[in-house]
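Notes for the one structure printed next.
In the working numbering, the protein residues as written are 4 to 167.
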């Protein structure tokens, strides 16, 4: 199945971690029109996570990565994405250099615009954006997002340890 990742799962090391979706294979960069990237999804850890928020504005878009994921790992992907507990899923058409392709993506069901992401989470998003060569201005917009320090230093260490 095709999966459109636009947040922390753009990072291949994060997505392919044994506890996530090791079968994921990168296909290409893709664009989701009429959506905007926001960090307002309520997380159980008290921070904001990424959301591809539908605006309907033809000038808005979210860039991300299209992956092929083995159907046998769909349930695991649903779990790590928080399907039913913060995120919902939808099939959408994303634009690629090869034309429009359908893919599953997850969007926030519970939002709070006052939330900020933890710095380690924003780091995952930036790693994925850079390793997939998203445009410099798009990466710069992510860099400008305010983030907060996670007071749970063990969680932060665990999250960032995949890059060591």
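All residues carry an ideal CB built from backbone N, CA and C; glycine is no exception. All figures in this text were calculated on a predicted structure; none of them were measured in a lab.
- With distances taken between CA atoms, residue 57 lies nearest to 111 out of 48, 49, 31 and 111.
- For residue 164, the secondary structure class from DSSP, reduced to helix, strand or coil, is helix.
- Proximity to residue 80 across 46, 162, 8 and 136 peaks at 8, based on C-alpha coordinates.
- Each residue's CA atom was taken as its position, placing residue 160 and residue 72 some 27 Å apart.
- Excluding sequence positions up to five before and after residue 23, its CB lies within less than 8 Å of the CB of 12, 17, 79, 80 and 83, all in the same chain and listed in chain order.
- Cβ-Cβ distances below 8 Å link residue 143 to nothing in the same chain once the five nearest sequence neighbours on each side are left out.
- Taking the C-beta atoms as reference points, residue 86 is found nearer than 8 Å to residue 92.
- In the three-state scheme derived from DSSP, where H, G and I count as helix and E and B as strand, residue 134 is classed as helix.
- In the structure shown, residue 24 falls within a coil segment according to DSSP collapsed to helix, strand and coil.
- Following the DSSP letters along the chain, one finds residue 141 inside the alpha helix (DSSP H) bounded by residues 139-146.
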